[in-house]
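Chains as they are written, first to last, in the working numbering: chain A, 762 to 1111; chain B, 762 to 1111; chain C, 762 to 1111; chain D, 762 to 1111.
Shown next, in structure tokens, is the structure this report addresses.
There are 4 protein chains.
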Amino acid sequence: MLVVMKAQATPEQIRAVCEYIEHLGFRAHPLPGAQRTAIGITGNKGEVDRGNLEELSGVAEVIRVSKPYKLASRDVKEEDTVVRFAGTDAAIGGRNLAIVAGPCSIESREQAFAIAEQVAAAGAQFFRGGAYKPRTSPYAFQGLGIEALRIMAEIRDRFGMRIVTEAIDSESLELVAEWADVIQIGARNMQNFSLLKKAGRLRKPVLLKRGLSATLEEFLMSAEYVMSEGNYEVILCERGVRTFADHARNTLDLSIIPAVQRLSHLPILVDPSHGTGRRDSVLPMARAAVAAGADGIIVEVHHQPEKALSDGPQSIHPAQFASMLNELEQIAPVVGRTLPRGIHVNAVVG
Amino acid sequence: MLVVMKAQATPEQIRAVCEYIEHLGFRAHPLPGAQRTAIGITGNKGEVDRGNLEELSGVAEVIRVSKPYKLASRDVKEEDTVVRFAGTDAAIGGRNLAIVAGPCSIESREQAFAIAEQVAAAGAQFFRGGAYKPRTSPYAFQGLGIEALRIMAEIRDRFGMRIVTEAIDSESLELVAEWADVIQIGARNMQNFSLLKKAGRLRKPVLLKRGLSATLEEFLMSAEYVMSEGNYEVILCERGVRTFADHARNTLDLSIIPAVQRLSHLPILVDPSHGTGRRDSVLPMARAAVAAGADGIIVEVHHQPEKALSDGPQSIHPAQFASMLNELEQIAPVVGRTLPRGIHVNAVVG
Amino acid sequence: MLVVMKAQATPEQIRAVCEYIEHLGFRAHPLPGAQRTAIGITGNKGEVDRGNLEELSGVAEVIRVSKPYKLASRDVKEEDTVVRFAGTDAAIGGRNLAIVAGPCSIESREQAFAIAEQVAAAGAQFFRGGAYKPRTSPYAFQGLGIEALRIMAEIRDRFGMRIVTEAIDSESLELVAEWADVIQIGARNMQNFSLLKKAGRLRKPVLLKRGLSATLEEFLMSAEYVMSEGNYEVILCERGVRTFADHARNTLDLSIIPAVQRLSHLPILVDPSHGTGRRDSVLPMARAAVAAGADGIIVEVHHQPEKALSDGPQSIHPAQFASMLNELEQIAPVVGRTLPRGIHVNAVVG
Amino acid sequence: MLVVMKAQATPEQIRAVCEYIEHLGFRAHPLPGAQRTAIGITGNKGEVDRGNLEELSGVAEVIRVSKPYKLASRDVKEEDTVVRFAGTDAAIGGRNLAIVAGPCSIESREQAFAIAEQVAAAGAQFFRGGAYKPRTSPYAFQGLGIEALRIMAEIRDRFGMRIVTEAIDSESLELVAEWADVIQIGARNMQNFSLLKKAGRLRKPVLLKRGLSATLEEFLMSAEYVMSEGNYEVILCERGVRTFADHARNTLDLSIIPAVQRLSHLPILVDPSHGTGRRDSVLPMARAAVAAGADGIIVEVHHQPEKALSDGPQSIHPAQFASMLNELEQIAPVVGRTLPRGIHVNAVVG
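Have a look at this one:
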């Protein structure tokens, strides 16, 4: 259910409607738009009686939302969501393409800094690196944990790039939220609803990767889980789905980009590294993703991929990363975008 | 790596080999077989030097295991794993077919008892019921939680049936382990490795459902996660995979049964309710599962499916459940099985 | 559109309605049932005006059929279709399970007779063997063609078994229709609509295999192509679909059996050989297919599978075939079936 | 098997090697390259003895080809295949992007000319239109047949565009080869091996669409079927594969583009119309295809899509087509391509 306020509704009227909704035992989610504010109603208690709501002052109309997702829906919020990072000009969503780059795993301080220096020099605004790794085998390298988070915090201080890293459970979620700028939820946890709810109670942006066999509706419902707890800064990420095709590790489903943009206001990135699993396919698919309208790219870069502890075969070299940015820069204007180079950090905020 | 002990190796020799392995920083998993004991070696530290191991007394040979799973592999343990329940004659694996039945969700004490009475009367040895529900929508019924666990504990006391219920995170895992007899890990959490490891540290059997797009190797690797922490009582469960086919909710992949039995010693159940999503397909697929060699069936039964808070359309009526058991009883001998009716609880143990 | 005649309608009335339909430029398909006759209307000319039809004498009602398939639908013909073979007691559909067995390819007279003798002795009523092989590679063995058809005709004369073999184009279709008893259309040709139409103009039963990624509706629409030309003897065959799963050559989708039986009156066989691609999975899946309600099994048998020119790894030995029949015989009564052993050929007809 | 000739081998030497191969009962396929000629050997007779071949004069080496496809492999022919059209500057493959546009079906002379005029004006070099339609339903519009072929021949005369249209069986294949410039083989016939072989005996380029569940190897093997009969002008076309995803009609698998270019020398087009099934996704996916490196686009355009007899919802308007070309023109240089506008027909040849 969605309460649409009149364009001239006052902040007091909006607050009063929210309080009334909460009083009924539901949750109210005010969603300010350019023209008018809408208030999403969520809760586990059955239906609200719309009659009383329509009579409150400042209310324009009450809409029964048919899609199972509400807060993630463009019906509820027409304007694109842009996730901004305080104290910087970095953003995900909007006119600028976001570029997230770094190694699959943080393996050592030396490795991380070597890669960070090169991707920062090429123009990345976001640095990614795994601290907690969800590996298929219990005997595989599981990440450096807190040590990796500390290394990435140093990288942020030194190069200004904002940090994106994955949380895999309650414990790592708290630490990631403390040390990083964006909390990544991986494909295998896309329907770990307990983790999604906990991430929804934090106030850090969440990068949510599509599950290997998730439909678009399930994907948006998982975003809804985060949003229903009050965290509206969700960034979607297509990373390939599982099909019969064997010429790539996964089948990158770029047609989800226009579909997401039709149904939702959330930004969507593409991961051509996991999406293909092959270094020689990363650049073509990164170009394709931007041409299809993605809000940015998240890509694995390693200065010595042959020595990487994980995902070496799909990591590109720093020189390829620089070429990739040059190519994306040329495609960007065709889809009404620009590719910013490097990050501008304001002096005051941390 | 797997150390195979000589048939005549003494318990002291076995213990000495285990201590040596642990001394090197690895974990040793003694796996007693009918003829001889094998010791699995797991760990995150690279390769063991096999030379020294082969020289220890009582060692027959040291085998490098090529499959990424070790403890779950039939190479390591030739005999079928049978999960037994202390104080009862109930078992999963082995000659007897295991029948697990009950509602999708525990909705109330009345509902749970009404169903429990009927499935117990028909001959079920295990009762299933959801206390914590991983729902696609944050706005859907999420389960009664601890209250449901208490109701199911009462059902165990009253009818003798052992209790199977799902854990979805650390919090519910502890409670489920405390109150129930089998911890279910759902399809959406099959690669929630953090949860798998925690379940591996408990000493309750784990029913692990196959993920919607999991390969057999990934499925066995998830079992391996549980086993690598020392909990060897893992029960696999096929519940349908995601394909393009739209005549059923999922495509039940019964050909995984002979494949699992070739590669692993773990028992495998089939869930024809989630596997089809349609009441009229549950009986045919339950029969097919047993005919294909499954170790048992887990099925949703509801006395008023049209009023169920979840999964009504795939829940069968108690009368259908009774018919199903009659049919399975006739098929069982063709695959060298029998269908026990009801549970026999020994007076002494709880 | 479907015209349902009154129970007491005369043959003349039925004929008059058909003539009227044809006069309008459509095709009329009289479908006699146990109680009353229905007349299916098909054609490429838009909608029939139902008003005039309802006024014809003997007409009970005119039904607009919503499913895109009509003649294949159970709405049009409530009774199960049973395909009978003149001069014998062999049938596909109905109470008796149909067993079709033989080598993937006819490789020589000796090979074919050696296998035929053993499957006939075990009780097969139908012999299968490839004369024209649709091979993925142009360099692979493509079948003996007409020579194979002649060998199979000899086998029919000698052992009484009816012959099932595949047609792959117009040329082979004519020959197969001339020499064999059932025309098989393979999975790769399931949507070769031109071939389906030509098969529809013949008066030999058609065994239609499901395409590797065909939905149930597409499968029934392909049956409809054959039926729309006047050949109503279509036998469906599930042979596995293509999924991400890699533990079997294909994923055998047995849940299509109850779905077909709900929506269509056509019989459905299962091919556990192509459905699994592994000898050790053929028996479990054959048992499962019968338990799920299939009308029969089509299975590859070879006396020397290690020397087979095609599909050796999935061909079972004659002794396994005999065991399989013993197992199926025991499961059959659970699903209201019997397994006839061997074929009874009447003296008079050929 | 592949015979690589020395760089300085004479035409006589090449001819002598071919004759020797044919004398052994195999087929020889001379494949002239920029530097040297290779000769592919195909046939259904087992292995050639390589020893004798290596002793023939002019032979550099004899290579056993491991991939099941030979003629389609880049191992055999390193240079990209470019399909040219006599008397024009039109080409598929090479530096120029090929644009094929037109309606799904030719519905009437007026409709076809209205669309042709607009796509020609925008700059299309190839006109597509269905004369023989492989429709899922036997009751759907099946195409105008020969009448449509005549209309398209008129369009070629009037606008210069080369004609691409589908053949569905032997009869239509002969007519299409007679009237059109490119023979399309549709996705449903990708493994209609009999049709592929017949197309291989013609001397018109073949546009081969990927089957809905075809692996890359199967796709190249189907190209091989055409090439093994002597027709080397095969153009591949990605048109989406079947997956569980339901936000688009099919899942367009663009990652096959770099994979095809690694393994084969054949050009590859992309069909974003069938690949998505939605008008609003056609432009994004057309841009993505070119950015990923496709050799061109085949797209459905209709001046009145709401009245189209087939595929209306995925047909774009002529104005969208013109916008699309503007966008592709800007992306082309990033991948080393140019977008020619319109066709230049030489006076002399027809």
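Glycine residues also receive a C-beta, built at the ideal position from the N, C-alpha and C atoms.
Please classify residue i: is it buried, with 16 or more other beta-carbons within 10 angstroms of its beta-carbon, or exposed?
i                : result
arginine 962/B   : exposed
aspartate 1007/C : exposed
glycine 947/D    : buried
lysine 1068/D    : exposed
threonine 1099/B : exposed
arginine 919/B   : exposed
valine 1109/D    : Confidence in valine 1109/D is poor, its pLDDT being 49 and thus under 50, which makes the residue's placement unreliable; the coordinate value appears in the next sentence. The residue in question, valine 1109/D, is exposed, as its Cβ has fewer than 16 Cβ neighbours within 10 Å.
alanine 772/A    : For the sequence presented, residue 772/A should be read as proline rather than alanine. The residue is exposed, with fewer than 16 neighbouring Cβ atoms inside 10 Å.
arginine 739/B   : Examination of residue 739/B is not possible in this model, given that chain B is present from 762 through 1111 alone.
Indicate whether residue i and residue j have their beta-carbon atoms separated by less than 9 Å.
i                 : j                : result
arginine 1048/B   : leucine 1089/B   : yes
glycine 890/D     : serine 869/D     : no
glutamine 945/B   : leucine 968/B    : yes
glutamate 816/C   : valine 764/C     : no
isoleucine 775/B  : isoleucine 802/B : no
isoleucine 1077/D : valine 1062/D    : yes
glycine 1036/D    : alanine 1009/D   : yes
glutamate 979/A   : glutamine 952/A  : yes
arginine 797/D    : methionine 766/D : yes
leucine 934/B     : leucine 956/B    : yes
alanine 984/C     : alanine 833/C    : yes
For residue i, collect the residues of the same chain with a Cβ closer than 6 Å to its Cβ; drop the 5 residues on either side in sequence, then sort them by chain order.
i                : result
arginine 923/A   : Phe846, Ala851, Phe887, Asp942
isoleucine 929/D : Tyr893, Pro895
tryptophan 940/C : Leu910, Ala914
leucine 1044/C   : Met1085
lysine 970/A     : Gly947, Ala948, Cys998, Arg1000
glutamine 879/D  : Pro1079
valine 843/A     : Ala852, Gly854, Gly855
alanine 770/A    : Gly819
glycine 921/C    : Ile1104, Val1106
alanine 875/B    : His1064
State the beta-bridge partners of residue i as determined by DSSP.
i               : result
glutamine 945/D : Glu927/D, Leu968/D
proline 793/C   : Thr798/C
serine 1025/C   : Ser834/C
cysteine 865/A  : Answer is none; cysteine 865/A lacks a bridge partner.
Leaving out five residues on either side along the sequence, give the residues of the same chain with a beta carbon under 8 Å from the beta carbon of residue i.
i              : result
leucine 1030/D : Ile853, Ala859, Val861, Leu968, Ile996, Leu997, Cys998, Glu999, Ala1055, Asp1056, Gly1057, Ile1058, Ile1059
proline 1074/B : Gly1038, Arg1039, Arg1040, Pro1066
alanine 1093/D : Leu858, Val1051, Thr1099, Leu1100
valine 778/C   : Val764, Met766, Ala789, Ile800, Leu814, Leu817, Gly819, Val820
For residue i, which residues in the same chain have their Cβ closer than 7 Å to its Cβ, ignoring the five residues on either side in sequence?
i                 : result
leucine 905/A     : Ile867, Ala892
histidine 1105/B  : Thr849, Asp850
glutamine 903/A   : Lys894, Arg896
isoleucine 1017/C : Leu977, Glu999
Near-chain B residues of the stretch 915-937 of chain A (beta-carbon distance less than 9 Å), N- to C-terminal order: Ile929, Asp930, Ser931, Glu932, Ser933
So if I threshold CB-CB distances at 7 Å, which residues from the stretch 1060-1092 of chain B count as touching chain C? Glu1088, Gln1091, Ile1092
Which of the residues in the stretch 1024-1043 of chain A, read from start to end, lie with their CB under 7 Å from any CB of chain C? none
Could you run through the stretch 942-967 of chain B and flag, in chain order, every residue whose CB is less than 7 Å away from some CB of chain D? none
Select from the stretch 993-1015 of chain D all residues with a C-beta closer than 8 Å to any C-beta belonging to chain B, and list them in chain order. Arg1003, Thr1004, Phe1005
Got a sec: which bits of the stretch 968-985 of chain D sit with their beta carbon under 7 Å from any beta carbon on chain C, in order along the chain? Leu973, Ser974, Glu979, Met982, Glu985
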